[in-house]
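First comes the structure, then the notes that go with it.
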Amino acid sequence: MGTLKASRPNTWLKGLRRNLRQAFGFFDAELGYSAASLSFYTIFAFIPLLLIALSVTTRLPGFSDQLADLREFLMGYLLPTNVDAAAHFFESFLGDISRLGIMGALYVIATSILFFKNYQHIASRIFRSETRSFWESLTTYWTLMTLMPIGLALSLYFTTTAQVTLARNPFLQGLDLAIVAPYAIAWAAFIIVFRISANKPIQLKNAAISALVTSLAWNITKELFVAYAVINKAYTTIYGSFSILLLLLLWVYVSWVIVLYGMRLCEGLNSLLGQGEGEE
232 MGTLKASRPN TWLKGLRRNL RQAFGFFDAE LGYSAASLSF YTIFAFIPLL LIALSVTTRL
292 PGFSDQLADL REFLMGYLLP TNVDAAAHFF ESFLGDISRL GIMGALYVIA TSILFFKNYQ
352 HIASRIFRSE TRSFWESLTT YWTLMTLMPI GLALSLYFTT TAQVTLARNP FLQGLDLAIV
412 APYAIAWAAF IIVFRISANK PIQLKNAAIS ALVTSLAWNI TKELFVAYAV INKAYTTIYG
472 SFSILLLLLL WVYVSWVIVL YGMRLCEGLN SLLGQGEGEE
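According to the working numbering, the sequence shown is numbered sequentially starting from 232.
Right, here's the structure in full:
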């Protein structure tokens, strides 16, 4: 009788460990390959598409004044080790976008479709959900890409406005929202991305927890990555001016690894704590 009672906790613990492994499955070697493939498409499709959407956004009434803040924010994430080079690329791209032409537009459309298709396949595998149809996937992510710069511009605008308001208050003027804003913006962005990418009901609290962890990991890793690039001069010595491209590729890959593991955490929490209708 005592043996039976003692075996029950062991059975429960084994079942819990098995469920945790199935839910999270963090150490998946395929995530590294997925991050590598997404990094390739990011360089050739996602970044040009994002800059095109940003260019269109800044031409809307009331958004042109946010161009400098948007540029500084995006370049700080796309190439944190060399913001000046990223800013030069940004200005050059925006200056040439009007001369993109039919072939250039077709290239961006074709590569963006390949990017979205690859991303949707990886996301559906991580979240163990059905893959969206081609047109549904295309319209969903194109809409997300279009609204992303607008959301960033609005976030930066309200952050600046709130900072000015705080500066007028003698008790709160020492509070710097610029420190908190990148974490908050990334947190909100990851919540949206995770819930859209899942293509199934995801509880808001699970998306919020995993997005918070991902945002913290991403921003902290960015600071560590910049410090590493400054200290380690081997890349510049060996590759010269090509070291900028190498560091860009490395940073994009590291970013995708963090994002994909954030998705895995979101799916793990959702499976472990139970699925909901998203608002529960």
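All C-beta atoms, glycine included, are put in the ideal place defined by N, C-alpha and C.
By the CB criterion at 9 angstroms, Thr-342 and Phe-275 fall inside the cutoff.
Here DSSP, grouped into helix, strand and coil, assigns Glu-261 to helix. Closest by C-alpha distance to Ser-441, out of Pro-279, Arg-359 and Cys-497, is Cys-497. By the neighbour-count criterion, in which a residue is buried when 16 or more other Cβ atoms sit within 10 angstroms of its Cβ, Asn-463 is exposed. Straight across, the Cα-Cα distance linking Ile-433 with Val-457 is about 34 angstroms. Contact between Leu-500 and Asn-437 is confirmed by a C-beta separation of about 4 angstroms, below the 8 angstroms threshold. Within the model, the alpha-carbon separation for Ser-364 versus Lys-348 is close to 10 angstroms. In the DSSP assignment, Ile-274 falls outside any alpha helix (DSSP H), carrying neither H nor E. For Trp-418, same chain residues with a beta-carbon under 6 angstroms away, outside a window of 5 residues either side, are Ala-442, Leu-443 and Ser-446 in chain order. Between Ile-489 and Ala-448, the C-beta spacing is below 9 angstroms. For Tyr-466 and Leu-480, the gap between their C-alpha atoms comes out near 13 angstroms. In the DSSP assignment, Ile-433 falls outside any alpha helix (DSSP H) and carries neither an H nor an E.
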